[in-house]
Amino acid sequence: MIASQNRHGAIVKPLVTGGANMEAMNKHGLTSLMIASEDGHETVVKALIESGANVNAIDRDGWASLFYASGSGCEMVVKVLIENGADVDVRNRCGSTPLSWASQHGHEAVVKVLIAAGADINARNKNGFTPLLWALVNRREVVVKLLVNHGALVNDGAGVSLGTD
1 MIASQNRHGA IVKPLVTGGA NMEAMNKHGL TSLMIASEDG HETVVKALIE SGANVNAIDR
61 DGWASLFYAS GSGCEMVVKV LIENGADVDV RNRCGSTPLS WASQHGHEAV VKVLIAAGAD
121 INARNKNGFT PLLWALVNRR EVVVKLLVNH GALVNDGAGV SLGTD
């Protein structure tokens, strides 16, 4: 864990060879890959994946590494995770997806990567929020335009209307 937090990608492999548990969680339920993903440590993320870290492991709240990278705006880490099999439509306990999280935080580049990787642009969480609605509520104008231009439903039939009739 300490190697992940402190950008020590070069020592990840020797630690794993020495028996370090790749899926060990800290007191908050996060794995080394989740920590490195959230912090944007691309070199460490690659080293952990090469050493066998599970890109789809989830924490206690159902969050995978892709959520952490997406919410932090770590475009290159998002790409690495997707290239190594991360589920772009993984859902947390609330039913939200990494695209929702990136949209909520206004991370345009990450939103583009997730859309290009086939993320469900109209995925609805348990409260009915879609990535577009998250972007609207948080006033992420550039992301709103991006989502609409890529086919996000503006009148989604669930009682949510953007007033564009």
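For the sequence shown, position 76 matches number 76 in full-length UniProt numbering, and the numbering has no gaps at all. Each residue gets a CB set at the ideal place from its N, CA and C atoms; glycine is no exception. Predicted model only: the values in this text are computed from it and were never measured.
Nearest to residue i (by Cα), restricted to the options the options
i: residue 129; options: 45, 66, 151, 95; result: 95
i: residue 60; options: 27, 45, 49, 81; result: 27
i: residue 155; options: 63, 122, 126, 34; result: 122
i: residue 139; options: 105, 112, 151, 125; result: 105
i: residue 38; options: 91, 101, 51, 84; result: 101
i: residue 150; options: 134, 114, 137, 127; result: 114
Proximal residues to residue i (C-beta, below 6 Å), its chain only, five neighbours per side dropped
i: residue 120; result: 89
i: residue 125; result: 94, 95, 96
i: residue 1; result: Note that residue 1 scores 45 on pLDDT, short of 50, meaning its location in the model is unreliable and no value can be drawn from it.
i: residue 107; result: 73
Sheet register partners of residue i (DSSP bridge)
i: residue 64; result: 58
Nonlocal neighbours in the same chain, by C-beta distance under 8 Å from residue i, ignoring five residues either side
i: residue 153; result: 122, 130, 132
i: residue 23; result: 31, 53, 54, 57
Delimiting residues of the alpha helix (DSSP H) encompassing residue i
i: residue 122; result: Premise fails: residue 122 is in no alpha helix (DSSP H) and is neither H nor E.
i: residue 149; result: 141-149
i: residue 105; result: 98-105
i: residue 43; result: 42-50
i: residue 114; result: 108-116
i: residue 135; result: 131-137
i: residue 36; result: 32-38
i: residue 88; result: Residue 88 -> no alpha helix (DSSP H), and no H or E assigned at all.
Any non-hydrogen atom of the ligand NAP within 7 Å of residue i CB
i: residue 137; result: With respect to small molecules bound, the structure shown includes none, and the ligand NAP cannot be examined in it.
Nonlocal neighbours in the same chain, by C-beta distance under 7 Å from residue i, ignoring five residues either side
i: residue 117; result: 82, 88
i: residue 166; result: With the chain covering 1 to 165 only, the question about residue 166 has no answer from this structure.
i: residue 84; result: 49, 55
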